[in-house]
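If you read the sequences in order, they're chains Y and U. First residue of the first sequence? That's 4 in our numbering, and the numbers climb one at a time after it. First residue of the second sequence? That's -9 in our numbering, and the numbers climb one at a time after it. C-beta atoms are modelled at their ideal positions from N, C-alpha and C, and glycine is treated no differently. Predicted model only: the values in this text are computed from it and were never measured. A quick write-up on the structure given underneath.
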Amino acid sequence: MSLWRQLTHGLRSLIHRTRADQDVADEVEQYFEEATAASMARGLSAEEAKRAARLESGNMTAVREQVRSYGWENAVRITAADIRYAVRQLCSNAGFTIVCVCTLALGIGASTAIFSAVNPILFQPLPYPHAGRILMIWNTFHGARSEIAFGTWRELAERNRSLDALAIFEPWQPAMTGAARPERIEGQSVSASFFRVLGVAPVLGRDFRAGEDVFNGPRVVILSDGLWRQHFHGDRAILGHPVKLDDDYYTVIGVMPPAFENVLSPSAALWTPMQYDTRQIATQFDTWAWGNHLHMAGRLKPGISKDQAVHEFAQIARTPWAEFPRPRWAGLRNGLIIDSLQDDITHGVKPALLAVLGAVSLVLLIACVNVVNLLLARNAQRRGEFAVRAALGATQRRIIRQVITETLLLALLGGVLGLGVAAAGVRALIWLSPPGLPRVDAIRMDTVAFTFALGITTLIGLLTGLIPALHVSRENVQPGLQQNSRRTAGGHAWTRSALVITEMALALILLVGAGLLLRSMQRLLGVDPGFSTPHLLTLQVQTSGHQFDNLPSAPGAGDNVRRRFFEQALEAVRQVPGVKQAAFTSLLPLSDDPPVIGLYGAQFEDEDSQTGHNVFRYAVSPDYCQTMGIRLLSGRCLDERDSSSAPQAALLSDSLARSHFPGQNPIGKRLHVGPRDRPWYTVVGVVGDVKQTSLAIDQPDAVYLSTVQSWFSDDTLSFVVRAYGDPAALASSVKNAIWSVDGNQPIVRVTTMESLLAVTEAQRHFVLTLFEVFGIVALLLAAVGIYGILSGSVTERTREIGLRAALGASRNDILVLVLSQGMRLTALGVLIGFCGALAASQALATLLFGISPLDPLAYLSVITLLATVAAVACWTPAWRAARVDPAITLRAE
Amino acid sequence: MNDQNTDVIQGTLDMLILKTLSLEPMHGFGIARRVEQISRGVFKVNPGSLLTALQRLERAGWLDAEWRQTENSRRAKFYELTRAGEKQLEHETADWTRRASAIARLLKAEG
């Protein structure tokens, strides 16, 4: 009822505004007439009665205004007027509006985009029930995480009391044959408890049963939703049906939910039980079951803390039991590394992400400072306007309201544009994101971050915009009205100078970060990988099929088939026109081959049997070193003479040779690589060191063997092809050459060595790109800031400058005067920023390579850049000041 | 300020208006004069506050308003209590009595 009246009455007075106003005017007038009449009735004269009524009831106009201002419609009316006025104000000052809106949009957009990317990775809980209970458990190798063996898992799963489930898993890449070309599918080979650890069950069908994860158990597979839809058209009848993988038939028992996100292996699309042979696990250690090549995850029991689990596992690691014998390499003597799943998947990227988050916070801060600066500059001009309005009867509240409307409008414009920048930024981030960044699919625009950024800039804008409005009441209207007054400079100029200095300092900190990262990148790309990268095509061939099986009836027969296939394939590749040289290797430098698959224990003849060195084992074709361009330092390379019947030959890497045979000739020395019950390998040559994992990592100990002299034949080899021209152009003819030998063998990771190199450094590149972008934004904002303050100051000092000119100052003198004012601010900003950068750059230390966080060249060049940009920004106002005509300014007074 | 002549106690203006209008429909000045007369000049009503309060009470649905001729044949806006207004008056009166007697008891207890 009353709400209805509120609405209808309000709308009526809003629509028929003049009538409503007239109504109020009539009523008030009638009131005063009655009052006058009443006084007259008491015997006063008409004149006296009027005075008495006014004395008693106040000013008629004031009463009218008071009554008129009642009701929500009135607020609407005033707001509409305020908005109209604000739009006119912003349009009349387009330069200010554009710079302000762009500053806001950049600050809000950039910080929203970065936070949107960082939040799901570092802060949001993972998409599993009680995700905090999921732990990753690692072996310790030289203090760092390292893979674990099946045998270790068996013992830990049996002995621990703090976990609900403990799972192991490793990559499994079966070939799906039958289509035109064999397709390699990313999958995982897991223990039956895998999905229980994650707390996610198949949406269709069922989870693995413990009885399926046994040696020679049934071949079963669970599909991802994506694979199911893509390859099986989302057919529910697939359950119970066989799928051919690697020449075997697997029964589909389940399909995972569409929303299932597997942070442990984001591209995995199918899962199968591991089915290890446990019959000789306690007696025989030279089996796959004791190879440290598995990852392990567990789920805490409710009510058990991570610390309790860490304690229990440390206890288990320290106290071996007789029923669980451990080999030397799985002795757990260095304990286990246990981390929550979230910390574990992010520990590699955390420093980079935090650095980027810090950088974008600086950008937001600079944007805020710039907005304050711009508004202060404008406020100085507006004091006159406010004084006029106050003199005309506007209350302080009314003026404050106007200022708020204007600021909110500005914030709204900035917010809308910022939303666009953020959306584009999120896309750009996903596009730029380095491989290995977890949870990229979960990145989407974060509304909380957007609201925060918009809120903080708006709030700051409001507070700043209010300053001149607050001055209106406090000071006498008089000085404000005297627009000629030159006193305005004082206090505000000081604040604004401080702000510009702050901006310069913050920009310098960001630029130093960008400079350091850029220098690191230069250093890194200057690192010699140990081989020649141009014109090199690489591709990985993974053998698949039962023809390669080593059956008990014919041991080694499968290996021979495999070796023959690879040799024929290599021969076919060499025949491709445009191919200069070709070779293959079990381990490709700078690829994503996990280091662990290439690391083996080596023991020299003069060492006791308990000693072991971890070395990379490269099983290669004879021409490998020549094709890669790895330098031969002494002796000879492997060649055709090193056949399966010849004495076993090996090449050592330079650093391995130097560390074990200092001052001696290593040629002719003997060593074991891998199993020690086989003939010795004899060193026939020494070759240069090669970067295996990354340009930044030195792991130079390596041994090269011929594939035909290795104790097992690798099922996956990388081909390296040196082209005469563009290596990428050879890709399809090389693939076809290999398929001409056997069309059922999948070929993956076809790429040039130069793009592999780019991928290895992708994370650094990602951080560097962001720092560069933010650095440029900061530089621009700082330039706008110093330009704004100087041009404001020149306007305010026109009279003084005119006077100086009149008194004989040359244009040059005035130019120097203004420039030096700007450069003083810059110098102060640089000084403060320098100290800030010294501290802040320590946070970047882990991301740097080959330079110190105090690298003088980076600091010097960045300071030069900032000073140059500041000087350019100062030049325009200085030039304008120098053009001031003394006659005109003095006459204008 | 004159001790004999105080502004209407904060929050009681609505009740006084409703009470005054419960006798007969009246225009703004009539209400002001009636409040002053009945309170024997203790309460003085400010026209700005009064006319705004009348608008508010009308919007709340407690009063109806209509332009009519006064006895001295001027056009004036007359206000009349609605059913809802009567109820509101009862409610406010009861509430006021309760408070006033409580305060009176407290003051007595002091002595």
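Let me see if you follow: with CB-CB separation under 8 Å, is residue i close to chain U or not?
| i | result |
| --- | --- |
| S42 of chain Y | no |
| Y790 of chain Y | no |
| H19 of chain Y | no |
| Y131 of chain Y | no |
| S60 of chain Y | yes |
| G396 of chain Y | no |
| R8 of chain Y | yes |
| A38 of chain Y | yes |
| G74 of chain Y | yes |
| R490 of chain Y | Because R490 of chain Y sits at a pLDDT of 44, beneath the cut-off of 50, its placement in the model cannot be relied upon, and the following sentence gives the value as read from the coordinates. For R490 of chain Y, the answer is no, since every Cβ of chain U falls outside 8 Å of its Cβ. |
| A65 of chain Y | yes |
| V121 of chain Y | no |
| V70 of chain Y | yes |
| T892 of chain Y | no |
What residue from the options has the CA that sits closest to residue i's CA?
| i | options | result |
| --- | --- | --- |
| K34 of chain U | U:V25, U:T10, U:T42 | U:V25 |
| V104 of chain Y | Y:A65, Y:G638, Y:L457 | Y:L457 |
| D251 of chain Y | Y:R232, Y:V224, Y:V266, Y:N265 | Y:V224 |
| S1 of chain Y | Y:L226, Y:A726, Y:R499, Y:A572 | Limits of chain Y in this structure are 4 at one end and 896 at the other, which puts residue 1 of chain Y out of reach. |
| D216 of chain Y | Y:Q278, Y:A510, Y:L166 | Y:Q278 |
| T798 of chain Y | Y:L602, Y:V821, Y:K53 | Y:V821 |
| A586 of chain Y | Y:L893, Y:I600, Y:Q571 | Y:Q571 |
| L41 of chain U | U:Q27, U:H17, U:S63 | U:H17 |
| T546 of chain Y | Y:S48, Y:L720, Y:F607, Y:P650 | Y:L720 |
| G237 of chain Y | Y:V206, Y:V515, Y:A40 | Y:V206 |
| A653 of chain Y | Y:T892, Y:L635, Y:Q667 | Y:L635 |
| I891 of chain Y | Y:T11, Y:L440, Y:A808 | Y:A808 |
| Q584 of chain Y | Y:V424, Y:P592, Y:D626, Y:A881 | Y:D626 |
I'd like the span of the beta strand (DSSP E) that includes residue i, first residue to last.
| i | result |
| --- | --- |
| P245 of chain Y | 245 to 248 |
| Y707 of chain Y | 705 to 709 |
| N112 of chain U | Residue coverage of chain U in this structure runs from -9 to 101, which leaves residue 112 of chain U outside it and unanswerable. |
| G146 of chain Y | Neither: G146 of chain Y is in no beta strand (DSSP E) and is coded neither H nor E. |
| V206 of chain Y | Premise fails: V206 of chain Y is in no beta strand (DSSP E) and is neither H nor E. |
| E570 of chain Y | Note, E570 of chain Y: premise wrong, no beta strand (DSSP E); alpha helix (DSSP H) at 560 to 577. |
| H538 of chain Y | Counting along the chain, H538 of chain Y falls outside any beta strand (DSSP E), and DSSP gives it neither H nor E. |
| E56 of chain U | 53 to 59 |
| D167 of chain Y | 166 to 175 |
| L720 of chain Y | 719 to 726 |
Mind checking if residue i is an interface residue toward chain Y, Cβ cutoff 8 Å exclusive?
| i | result |
| --- | --- |
| R64 of chain U | yes |
| R49 of chain U | yes |
| E82 of chain U | no |
| P37 of chain U | yes |
| T10 of chain U | no |
| L13 of chain U | no |
| T2 of chain U | no |
| K67 of chain U | yes |
| L53 of chain U | no |
| T87 of chain U | no |
Start and end of the alpha helix (DSSP H) containing residue i?
| i | result |
| --- | --- |
| Y279 of chain Y | Per DSSP, Y279 of chain Y belongs to no alpha helix (DSSP H) and is neither H nor E. |
Below 8 Å on the Cβ atoms is my guess for residue i versus residue j; work out the distance and round it to an integer in Å.
| i | j | result |
| --- | --- | --- |
| V706 of chain Y | V676 of chain Y | 5 Å |
| P678 of chain Y | D289 of chain Y | 6 Å |
| S119 of chain Y | V429 of chain Y | 5 Å |
| I171 of chain Y | L297 of chain Y | 4 Å |
| G301 of chain Y | A168 of chain Y | 7 Å |
| V899 of chain Y | A355 of chain Y | With chain Y covering only 4 through 896, there is no way to say anything about residue 899 of chain Y. |
| I789 of chain Y | L828 of chain Y | 6 Å |
| L851 of chain Y | L519 of chain Y | 6 Å |
Run the proximity test for residue i: is its beta-carbon closer than 7 Å to any non-hydrogen atom belonging to the ligand ADP?
| i | result |
| --- | --- |
| H768 of chain Y | Only the bare structure without any ligand can be found here, which leaves the ligand ADP out of the picture. |
Q. What residues from the region 17 to 30 of chain U come within 9 Å of chain Y, judged by C-beta to C-beta, listed N to C?
A. When CB distances to chain Y are screened at a threshold of 9 Å, the residues of the region 17 to 30 of chain U falling below it are H17, G18, F19, G20, A22, R23, in chain order.
Q: Check each residue of the region 20 to 36 of chain Y: if its Cβ is closer than 9 Å to any Cβ of chain U, include it; give the result in chain order.
A: Against chain U - using a Cβ distance shorter than 9 Å - the residues of the region 20 to 36 of chain Y are D26, V27, D29, E30, V31, Q33, Y34, F35, E36.
(Q) Output needed in chain order: residues of the region 816 to 845 of chain Y with a Cβ under 7 Å from some Cβ in chain U. (A) Answer set for the region 816 to 845 of chain Y: empty.
Q.
Output needed in chain order: residues of the region 424 to 458 of chain Y with a Cβ under 7 Å from some Cβ in chain U.
A. Hits within the stretch: zero.
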